[in-house]
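First comes the structure, then the notes that go with it.
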Amino acid sequence: MNETLQTLQNHVSVRQYTDQKVSEDVLQQILKAACSGSTMGNMQLFSIIVTEDEAMKQKMAPLHFNQPMATQAPLILTFCADFNRFNRYCEFRDAETDAYSNLQSYHWAVIDALIAAQNACVAAESLGLGFCWLGTITYNVDKFIQVLELPKHVIPVACIPMGYPVEKPALTQKLPVEAMIHRETYHDYDQARIDSLYADKEHSEETAGILRENPDCENLAQVFTKHRYTKKDNEYFAQVLLDALKKQGFLSDL
292 MNETLQTLQN HVSVRQYTDQ KVSEDVLQQI LKAACSGSTM GNMQLFSIIV
342 TEDEAMKQKM APLHFNQPMA TQAPLILTFC ADFNRFNRYC EFRDAETDAY
392 SNLQSYHWAV IDALIAAQNA CVAAESLGLG FCWLGTITYN VDKFIQVLEL
442 PKHVIPVACI PMGYPVEKPA LTQKLPVEAM IHRETYHDYD QARIDSLYAD
492 KEHSEETAGI LRENPDCENL AQVFTKHRYT KKDNEYFAQV LLDALKKQGF
542 LSDL
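Here the sequence shown is numbered in the working numbering, starting from 292 and rising by one per residue.
If you want it as structure tokens, here you go:
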């Protein structure tokens, strides 16, 4: 197995970092890798906000629900779906300027931003750094737009603290690869297949620990729906996102 495959297959989320700073040379290598990925029409519909300033980290911390890694990490990269830059290019070249204020354009830009984010993550791990994706960026989209001073047609979609790990955590229990793979057409899951695919995960020590922390739940699925990602919260944050998309100039077609 080559080094690239080893890096990808041994990925773990890192939530504790040493005090070692990320050098400008290492940062530039990560950013170059991020900006070298595939993009829609080679338009590069993303931007990356680099945060190293402690005051800015503290300003964003409440929006990340004060998770320790949001302030402890020496480097935070926020990836944004960005049609503003390309719209400006069209404006200054006498091209149509309202062609990309729609859901399709937002979809393109999100894909571009996430490809860039994953490229950055692979590069970071290959250079000895660890990272953790913060889902809170999707909960407080409206507030991050204000704090990061994002113009119209820019939406934050991923936030990733990075730094040198205090220690490398053990690999987490994943579903077997065949759980996610379909050949030629999609093959839906009956109960027998679900039971088989989730068996190892449900009987792992990690899951046992989670259930001990949530005694009102009989299984991992209930932990997710009752506590981690509830319907009520999902619907609330979905409305926040929808309002932000409209305010930022997307969804003109809806």
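Positions of the beta carbon are idealized from the N, C-alpha and C atoms, including for glycine.
- T427 and V438 have their alpha carbons spaced roughly 14 Å apart.
- Rounded to whole angstroms, the gap between the alpha carbons of N410 and I367 is 15 Å.
- Rounded to the nearest whole angstrom, the CA to CA distance from R376 to G332 is 14 Å.
- By the Cβ-count criterion, D373 is buried, with 16 or more other Cβ atoms from all chains shown falling within 10 Å of its own Cβ.
- Assignment of I406 by DSSP, reduced to helix, strand and coil, places it in the helix class.
- A direct Cα-to-Cα measurement between S487 and E469 gives close to 11 Å.
- Rounded to whole angstroms, the gap between the alpha carbons of F383 and A390 is 15 Å.
- A contact is defined here as three or more CB-CB pairs under 8 Å, and the region 356-367 meets this definition with respect to the region 447-455.
- By the 16-neighbour rule on beta-carbons within 10 angstroms, V341 is exposed.
- The shortest CA-to-CA distance from L394 to any of G421, D385, F356 and I446 is the one to I446.
- Taking every protein chain shown into account, the CB of A529 has fewer than 16 other CB atoms within 10 angstroms, so this residue is exposed.
- Taken through DSSP and simplified to helix, strand or coil, Y308 comes out as strand.
- K348 is classed as buried because its beta carbon has at least 16 other beta carbons within 10 Å across all chains shown.
- Taking C-beta atoms as the reference points, F541 and Y397 count as a pair closer than 9 Å.
- A Cβ-Cβ separation of about 20 Å leaves F337 out of contact with D433 under the 8 Å criterion.
- The region 506-513 makes no contact with the region 352-363, as fewer than three CB pairs between them are under 8 Å.
- Its chain contains F528 as the residues whose beta carbon lies nearer than 6 Å to that of Y430, once the 5 sequence neighbours on both sides are disregarded; these appear in chain order.
- Spanning the alpha carbons of P442 and H494 requires a straight line of approximately 47 Å.
- The three-state reading of DSSP puts A390 in coil, since its state is none of H, G, I, E or B.
- If the five residues before and after H355 are omitted, its C-beta is found closer than 6 Å to the C-beta atoms of A361, L425 and T427, all from its own chain and listed in chain order.
- When secondary structure is reduced to three states using DSSP, L462 falls in the coil class, being assigned neither helix nor strand.
- With respect to A325, A386 sits apart: the two C-beta atoms are not nearer than 9 Å.
- Assignment of beta-bridge partners to S338 by DSSP yields C371.
- When rounded, the separation of the alpha-carbon atoms in T298 and K323 is 18 Å.
- Shown here, F422 sits in a strand according to DSSP, grouped into three states.
- Membership of I321 in the alpha helix (DSSP H) is indicated by the continuous run E315 to A325.
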